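Numbering (the numbering used here), first residue to last: 80 to 291.
Think of the CB as a built atom: it goes at the ideal place given N, C-alpha and C, for glycine as much as any other residue.
It should be emphasised that the depicted structure is a prediction, and the values quoted were computed from it without experimental measurement.
Here's what the structure looks like:
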């Protein structure tokens, strides 16, 4: 009887261990899925900050054109720093040898929470070529082009107003340029948000299937 019981233990282990492996694999998959979803949430949150930053920058720069107050220009600089920080992150990670520390600093400048930095970098590096995210990044580049145009106008305004050489006609010209940039960047920002949202939903569907 004792010998039979001894023989039964390896046999029982042989029957049970595949189930243990399956449970462990499912737990690992679930944990990985939660991490990906958390990274997507952080990424989408970063896009929202980017969009708000460029909108606020346009608002305060327009305000500065009328008020010529240093405080309004300071608020513009604070707002534009957010999309510029995100741009720094993208440029740092798009290098042949990614600069992770520069990317981290860019993400923080973009207003993202410090706890989300690692997840955002991981998602960008691993899903950069995922169809929906690739499209979102292309639209991000378009939006950044208009952000840089806004910065160029802001530089001219700061120099002209600071030197006391800005005529009413020149100020109106600057406001016209700002309005034109806003007309172009708004649909680009919406398309960026829509593409990122669709990518997030597609990834969520993929993870749901994987966890079935």
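Are the CB atoms of residue i and residue j nearer to each other than 8 Å?
i: residue 249; j: residue 239; result: yes
i: residue 161; j: residue 140; result: no
i: residue 254; j: residue 136; result: no
i: residue 221; j: residue 181; result: no
i: residue 134; j: residue 164; result: no
i: residue 211; j: residue 277; result: yes
i: residue 274; j: residue 229; result: no
i: residue 121; j: residue 195; result: yes
i: residue 179; j: residue 200; result: yes
i: residue 168; j: residue 185; result: yes
i: residue 283; j: residue 116; result: yes
i: residue 151; j: residue 142; result: yes
Can you tell me where the alpha helix (DSSP H) with residue i in it begins and where it stops?
i: residue 152; result: 149 to 172
i: residue 246; result: Run containing residue 246: none; DSSP gives neither H nor E here.
i: residue 190; result: Where residue 190 is concerned, there is no enclosing alpha helix (DSSP H), given that its DSSP letter is neither H nor E.
i: residue 206; result: 196 to 206
Considering only residues of the same chain and omitting the five flanking positions on each side of residue i, which have a CB-CB separation below 7 Å?
i: residue 272; result: 126 and 130
i: residue 258; result: none
i: residue 158; result: 132, 135, 136 and 139
i: residue 154; result: 139
i: residue 118; result: 198, 199, 201 and 202
Who are the near neighbours of residue i in its chain, counting only those whose CB is closer than 6 Å to its CB and skipping five residues on each side?
i: residue 86; result: Confidence at residue 86 is low in this model, with a pLDDT of 49, below 50, so the placement of that residue is unreliable and no value is reported for it.
i: residue 225; result: 260, 263 and 264
i: residue 166; result: 223
i: residue 80; result: A caution first: residue 80 carries a pLDDT of 47, below 50, which makes its placement in the model too unreliable to give a value.
Here's a check: name, in chain order, each residue in its chain whose Cβ is nearer than 8 Å to the Cβ of residue i, leaving out the five neighbours to either side.
i: residue 123; result: 275, 276 and 279
Following a CB-centred definition, is residue i positioned closer than 7 Å to any heavy atom of the ligand SAH?
i: residue 161; result: Although the ligand SAH was asked about, the structure shown includes no ligands whatsoever.
Practice task
Would you check if the region 227 to 246 and the region 194 to 209 touch, i.e. whether three or more CB-CB distances between them fall below 8 Å?
Solution key: Below 8 Å, too few C-beta pairs join the region 194 to 209 and the region 227 to 246 to call them touching: fewer than three.
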